[in-house]
Every structure is written in C-alpha cells, then in structure tokens.
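When you line the sequence shown up against this note's numbering, it's residues 355 to 448, in that order.
Note sheet for the following structure.
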Amino acid sequence: MRYRLSVRAAAPTADSLELAYVDSDHGSILTFAGTVRGDTIRFAWSRDLGTRVLMVRREYTAMTPNSFATHTFMSPDSGRNWILVQQARYVRTR
Numbered sequence: 355m356r357y358r359l360s361v362r363a364a365a366p367t368a369d370s371l372e373l374a375y376v377d378s379d380h381g382s383i384l385t386f387a388g389t390v391r392g393d394t395i396r397f398a399w400s401r402d403l404g405t406r407v408l409m410v411r412r413e414y415t416a417m418t419p420n421s422f423a424t425h426t427f428m429s430p431d432s433g434r435n436w437i438l439v440q441q442a443r444y445v446r447t448r
C-alpha cells in the first residue's frame, strides 16, 4: 500500500517554523506554529472554543535523509489530557 503525503512547511524567518494542514473533515486550512527541541520538530495549533481550548500537536521524529516518523496528539480540554490520534512512519522509495 502506498500513500502520498503533502505537507507545506515553511521557515518565514530564521527563528520560526509554520505548517499548513488541510482539515479533511471541514476543508479549512489549519496553520501550526513550529519549534525544534533536540531531534524533534513540534507543530502546535489551538482554537479557543469559549469554555475550553481545542489543541493539536504534530511531532516529527526519527528523521533521516530517507524517512521520518510522525505522532499527532489532540487535547480537547486545554492541554490537561492528550490523546494519540495518529502515528506513522514514512520511507522514501525510489
């Protein structure tokens, strides 16, 4: 089975990272702010819903020239609890 992945990541300045992701359930574009911690790139997004903040965190790890892994977490309660909603490992084939 093969998957095609399209991620738009940018470094608008030397000190910042951004990721744009299309929300397949709603069709809207979500913009994530990124940070680098050690060998992990972490992108975070949040939306204030009034009574709580919905948060999503996407982490890129185990990066090599030909592969990387991702873990996506969601917090429905302002960061008190985090749920792993997706994990994947991507490998380049030639």
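Where a beta carbon is used, it is the ideal one built from N, C-alpha and C, also for glycine.
Roughly how many whole angstroms lie between the Cα atoms of LEU408 and ILE383? 16 Å
Between TYR444 and chain C, is there a C-beta pair that is closer than 8 Å? Absence of chain C from the displayed structure is noted, only one protein chain being present.
Could you give the uninterrupted runs of the beta strand (DSSP E) lying entirely in the region 370-431, keeping only those of 3 residues or more? 371-376, 383-391, 394-402, 407-418, 421-429
Suppose the cutoff is 6 Å on Cβ atoms and the five residues either side in sequence are ignored; what does the same chain contact list for THR389 look like? ARG396
Please classify ARG443: does DSSP put it in a helix, a strand, or coil? strand
Would you grab the beta carbon distance between ARG401 and ALA423 for me? Rounded to a whole angstrom, and I think it's under 8 Å. Rounded, the Cβ-Cβ distance is 26 Å, inconsistent with contact.
Work out the CA separation of LEU403 and ASP393 for me, nearest whole Å. 32 Å
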